[in-house]
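**Student:**
There are 2 protein chains.
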Amino acid sequence: MSDAIRIVEVGPRDGLQNEKQAIPTEVKLRFIQGLAAAGLKEIEATSFVSAKWVPQLADAEDVWLALPKGPRYDALAPNAKGMSRALELGVDRIALFTASSETFSVRNTNRTVAESLMTFEGLISAFRVQQPNGWMRGYVSTAFECPYEGQVDPRRTVEVARRLFEMGVDEVSIGDTIGAAAPIEVKVLTKLLGEVMPLEMIAYHFHDTRGTAIANVAQALDLGIRAFDSSAAGLGGCPYAPGAGGNLASEDLVYFLERTGIPTGVDLYGLSQASLEILGLLGREPAAKCQLAQLSASETCPT
Amino acid sequence: MSDAIRIVEVGPRDGLQNEKQAIPTEVKLRFIQGLAAAGLKEIEATSFVSAKWVPQLADAEDVWLALPKGPRYDALAPNAKGMSRALELGVDRIALFTASSETFSVRNTNRTVAESLMTFEGLISAFRVQQPNGWMRGYVSTAFECPYEGQVDPRRTVEVARRLFEMGVDEVSIGDTIGAAAPIEVKVLTKLLGEVMPLEMIAYHFHDTRGTAIANVAQALDLGIRAFDSSAAGLGGCPYAPGAGGNLASEDLVYFLERTGIPTGVDLYGLSQASLEILGLLGREPAAKCQLAQLSASETCPT
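Quick look at the structure:
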């Protein structure tokens, strides 16, 4: 396994959760099957979130129980109820979600950051008791910029990451939730994070809203970060228009890594096809750059 | 003027030349006016190419004579005929075009690379005689990868750039014509180029076909490159599908530079609007990431 660099595919969860159009469970499972067949080794499969808040993921149990063998899967547990549901199913890889920005945290989860972290203590204990060999990641969203508060002081992000680390999560995923950061900010934040926790426990979750995601990956890679989140076809994030960058597209991440000489074990053509059924259901054309390049019959129309 | 970093806007020439739908001269001029008003200081306005080959730019003389005051303009002279037309008009900033790849050169210009360079000697002499204070750039396209030959040996690109430098051009623009390069290749090529010519005479012309353009800019910037080509709305390049990356979008370049702390003097909102009339004529939605982000009424739909 060539996993010096880890790709965490978040399409089935982060990519779908904001989509209004219901996607049948079997379509999600075919999507995940396609991702697994393309060679993705870590997939965030769903969220045990309230069906009232996110109807799209109301089938979390059904999805989880039917996951194809091969990849390692995790699921988001947004609160105690979600954690109970996950633990009942025997889920042994869990993600928790908080933010650097107070306003974002309150608006998105109805809890302050401090309240989130308090909740986490109980959730983490409960998880560790039932899944002593389990794995947990903590998301820190709006790590660079908040849509309500503007640029976020990196020390706030570091403080939240440090708390998660001290609570014993296995990985902290640092999210540029609205895709605003430039590499220089990644450099500053990564150096500060490195002072409070090992870099191998950090993943970056970049969005490509403004075209900086791959540059940010390149910067983080240079500094020693070894895990990156991405979403097939760039699904999710903030899709305010066709072609707009939401999540960093897995296709673009794989292309960049391979072209940089870092093997990923992922078949780019298979990956580019995995999301097509869902894109069709959503009435969307493929828009991720490397996905288009892969699917295009003729890439050779140069100037 | 904050032009430690130069942006060369190539939308009016490179961005339009492959568009089949005729764009009226006055629309092009409003586009250029918008670019100038947004603060772009260097604009490649047109090409003195045969109207038979590129009907879209048949109005080169009309465009040139009506250019709004403010920016510095250059125009492409693809051959002796084009150079004559340019010199008759008094054009004092000229671009020449060749490639690293033989197959590309022959297919695109019907000349081998060696033949192009031979032609250039005469063109450059003629230009220098009539415009002793004029400025010339030489394009080296397919500098990293050729759509017909695959990856290009960087030494071939360096050799072509060196020849242009020795012939006395003022700038060499190194083009990733099909948008395939990763930063590591930019690093290798830039170091080799630096051995044969001053880095301040090099511009990079990246395409964003696979999402690597900003990462490549970041790498080049780190190495001391100070000039980058881009195209408003990402017009041009290889637009085989809506949303597909052709040229690096000027909006994305400006955002990246500003966010990195490098002032550009460009108003991103004005820039994002400059291409809208042309996009409307072409029946296309804005697709450049930062353009969408600027134009979107609501950027705040985070996960």
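Residue numbers (our numbering), protein chains in the order written: chain V, 1 to 303; chain F, 1001 to 1303.
All residues carry an ideal CB built from backbone N, CA and C; glycine is no exception.
Quick caveat: nothing in here was measured; it's all calculated off a predicted structure.
For the segment 254-267 of chain V, which residues have a beta carbon sitting closer than 8 Å to at least one beta carbon of chain F?
**Tutor:** For the segment 254-267 of chain V, which is checked against every Cβ of chain F, the residues closer than 8 Å are Tyr255, Phe256, Arg259, Thr260, Gly261.
**Student:** Tell me whether Gln151/V is buried or exposed, calling it buried when 16 or more other Cβ atoms sit within 10 Å of its Cβ.
**Tutor:** In the first sequence, residue 151/V corresponds to position 151, counting from 1. By the neighbour-count rule (16 or more Cβ atoms within 10 Å), Gln151/V is not buried but exposed.
**Student:** Within the chosen definition, does the segment 75-91 of chain V reach the segment 48-65 of chain V through at least 3 CB pairs nearer than 8 Å?
**Tutor:** Verdict: yes, contact present.
**Student:** Between the C-alpha atoms of Ala1037/F and Val1063/F, what's the straight-line distance to the nearest angstrom?
**Tutor:** In the second sequence, counting from the first residue as 1, residue 1037/F sits at position 37. In the second sequence, counting from the first residue as 1, residue 1063/F sits at position 63. Near 17 Å, if we compare the C-alpha coordinates of Val1063/F and Ala1037/F.
**Student:** How would you list, in chain order, the residues of chain F whose beta-carbon sits under 7 Å from the beta-carbon of Ile225/V?
**Tutor:** In the first sequence, counting from the first residue as 1, residue 225/V sits at position 225. Residues of chain F passing the Cβ test: none, with the nearest at roughly 15 Å.
**Student:** List the endpoints of the continuous alpha helix (DSSP H) containing Ile1278/F.
**Tutor:** For the purposes of this step, residue 1278/F is identified with residue 278 of the second sequence, where counting begins at 1. Note, Ile1278/F: alpha helix (DSSP H), 1276-1281.
**Student:** Which first and last residues belong to the beta strand (DSSP E) in which Ala1099/F is found?
**Tutor:** Counted from its first residue, the second sequence places residue 1099/F at position 99. Its beta strand (DSSP E) spans residues 1093-1099.
**Student:** Using the C-alpha atoms, what's the distance from Pro55/V back to Ser1296/F?
**Tutor:** Along the second sequence, one-based indexing puts residue 1296/F at 296. Along the first sequence, one-based indexing puts residue 55/V at 55. Going from the Cα of Ser1296/F to the Cα of Pro55/V covers about 26 Å.
**Student:** Check the C-beta distance from Tyr204/V over to Ile174/V and give it rounded, since I have them as a contact under 8 Å.
**Tutor:** Translated into positions along the first sequence, residue 204/V becomes position 204. Translated into positions along the first sequence, residue 174/V becomes position 174. Rounded, the Cβ-Cβ distance is 5 Å, consistent with contact.
**Student:** What residues from chain B crowd round Ile1184/F, counting only those whose CB sits closer than 7 Å?
**Tutor:** Of the protein chains in the structure, V and F, none is chain B.
**Student:** Mind pulling the alpha helix (DSSP H) runs of 4 or more residues that sit fully within the segment 1138-1211 of chain F?
**Tutor:** Within the segment 1138-1211 of chain F, the complete alpha helix (DSSP H) runs of at least 4 residues are 1154-1166, 1183-1194.
**Student:** For Val1091/F and Phe256/V, I'd like the C-alpha separation in whole angstroms.
**Tutor:** Numbered from 1 along the second sequence, position 91 holds the residue referred to as residue 1091/F. Numbered from 1 along the first sequence, position 256 holds the residue referred to as residue 256/V. Taking the straight line joining both Cα atoms gives about 40 Å.
**Student:** Residues of chain V with CB under 7 Å from Ala1293/F, in chain order?
**Tutor:** Indexing the second sequence from 1 puts residue 1293/F at position 293. Within chain V, the residues near Ala1293/F are Thr209, Arg210.
**Student:** If we define contact as Cβ-Cβ less than 9 Å, is Asp1062/F a contact residue for chain V?
**Tutor:** Here residue 1062/F refers to the residue found at position 62 when the second sequence is read from its first residue. Judged by the 9 Å Cβ criterion, Asp1062/F is not in contact with chain V.
**Student:** Assuming Val140/V and Val196/V make a contact with CB atoms under 8 Å, what is their CB distance in whole Å?
**Tutor:** On the first sequence, position 140 is the one that residue 140/V refers to. On the first sequence, position 196 is the one that residue 196/V refers to. Not confirmed; about 12 Å, so no contact.
**Student:** Should Cys1290/F go down as buried or exposed, given a rule of 16 or more other Cβ atoms within 10 Å for buried?
**Tutor:** Position 290 of the second sequence holds residue 1290/F. So Cys1290/F ends up on the buried side.
**Student:** Buried or exposed, going by whether 16 or more other CB atoms sit within 10 Å of the CB of Met118/V?
**Tutor:** As a first step, residue 118/V is located in the first sequence; it is residue number 118 there, counting from the start. Exposed, because fewer than 16 other Cβ atoms sit within 10 Å of the Cβ of Met118/V.
**Student:** For Asp14/V and Leu248/V, I'd like the C-alpha separation in whole angstroms.
**Tutor:** On the first sequence, position 14 is the one that residue 14/V refers to. On the first sequence, position 248 is the one that residue 248/V refers to. Roughly 11 Å between the two C-alpha positions.
**Student:** Under three-state DSSP, which class holds Asp1014/F?
**Tutor:** Within the second sequence, residue 1014/F is the residue found at index 14, counting from 1. Asp1014/F falls in the helix class under three-state DSSP.
**Student:** Note down, in chain order, each residue of its chain lying with its Cβ closer than 8 Å to the Cβ of Arg162/V, except the 5 sequence neighbours on either side.
**Tutor:** Taking the first residue of the first sequence as 1, we reach residue 162/V at position 162. Cβ within range, chain order: Val196, Met197.
**Student:** Between the beta-carbon of Phe1144/F and the beta-carbon of Glu1171/F, is there less than 9 Å?
**Tutor:** The sequence position of residue 1144/F within the second sequence is 144, counting from 1. The sequence position of residue 1171/F within the second sequence is 171, counting from 1. Not a contact, by the Cβ cut-off of 9 Å.
**Student:** In the DSSP output, what is Met136/V paired with across the bridge?
**Tutor:** Within the first sequence, the letter at position 136 stands for residue 136/V. Paired residue(s): Ile94/V.
**Student:** Decide if the segment 1067-1074 of chain F is in contact with the segment 1106-1116 of chain F; the criterion is three or more beta carbon pairs, one per stretch, under 8 Å apart.
**Tutor:** Judged by Cβ distances under 8 Å, the segment 1067-1074 of chain F makes no contact with the segment 1106-1116 of chain F, as fewer than three pairs qualify.
**Student:** Does the distance from the CB of Glu251/V to the CB of Ala288/V come in under 9 Å?
**Tutor:** As a first step, residue 251/V is located in the first sequence; it is residue number 251 there, counting from the start. As a first step, residue 288/V is located in the first sequence; it is residue number 288 there, counting from the start. Cβ atoms of Glu251/V and Ala288/V: closer than 9 Å.
**Student:** Are there 16 or more other CB atoms within 10 angstroms of the CB of Ser125/V, so buried, or fewer, so exposed?
**Tutor:** Walking along the first sequence from the start, residue 125/V turns up at place 125. It counts as exposed.
**Student:** May I ask you to report which of helix, strand or coil DSSP gives Lys1020/F?
**Tutor:** Counting from 1 along the second sequence, the entry for residue 1020/F is found at position 20. Looking at Lys1020/F - three-state DSSP - the assignment turns out to be coil, as it is neither helix nor strand.
**Student:** At 4 residues or longer, and completely inside the segment 18-85 of chain V: list those alpha helix (DSSP H) runs for me, N to C.
**Tutor:** With a minimum length of 4 residues, the continuous alpha helix (DSSP H) runs that stay inside the segment 18-85 of chain V are 25-38, 60-65.
**Student:** Give a yes or no on whether the minimum CB-CB distance between Val152/V and chain F is below 9 Å.
**Tutor:** Indexing the first sequence from 1 puts residue 152/V at position 152. It does not; no Cβ of chain F falls within 9 Å.
**Student:** Taking the DSSP output, what are the residues bridged to Ile1007/F?
**Tutor:** Walking along the second sequence from the start, residue 1007/F turns up at place 7. DSSP, once it has assigned bridges, lists Phe1228/F as partnering Ile1007/F.
**Student:** In chain order, what residues of the same chain have a beta carbon less than 7 Å from the beta carbon of Gly1243/F, not counting five sequence neighbours either side?
**Tutor:** Here residue 1243/F refers to the residue found at position 243 of the second sequence. With a pLDDT of 45 at Gly1243/F, under the threshold of 50, the modelled position of this residue cannot be trusted; read the value that follows with caution. Here the set comprises Ala1287.
**Student:** With distance defined between alpha-carbon atoms, name the residue in Ala181/V, Ala233/V, Asp176/V nearest to Ala274/V.
**Tutor:** Counting from one through the first sequence, the residue named residue 274/V turns up at place 274. Per the Cα distances, Ala233/V.
**Student:** Determine the closest residue to Ile1225/F out of Gly1122/F, Asn1133/F, Leu1189/F, Leu1089/F, with distance taken between C-alpha atoms.
**Tutor:** Here residue 1225/F refers to the residue found at position 225 when the second sequence is read from its first residue. Considering only alpha carbons, the answer is Leu1189/F.
**Student:** Report all residues from its chain with a CB closer than 7 Å to the CB of Pro68/V; omit the five preceding and five following residues, and keep chain order.
**Tutor:** Position 68 of the first sequence, counting from 1, holds the residue named residue 68/V. Cβ within range, chain order: Ile32, Gln33, Ala36.
**Student:** Any C-beta of chain F sitting closer than 9 Å to the C-beta of Gln273/V?
**Tutor:** Position 273 of the first sequence holds residue 273/V. For Gln273/V, the answer is no, since every Cβ of chain F falls outside 9 Å of its Cβ.
**Student:** I need the boundaries of the alpha helix (DSSP H) containing Ser1105/F, first residue and last residue.
**Tutor:** Working through the second sequence from its first residue, we reach residue 1105/F at position 105. From DSSP, the alpha helix (DSSP H) with Ser1105/F extends over 1102-1109.
**Student:** Could you name the residues of chain F that Asp252/V contacts, counting a contact when the two beta carbons are closer than 9 Å?
**Tutor:** By 1-based counting over the first sequence, the position of residue 252/V is 252. Arg1210, Gly1211, Thr1212, listed in chain order.
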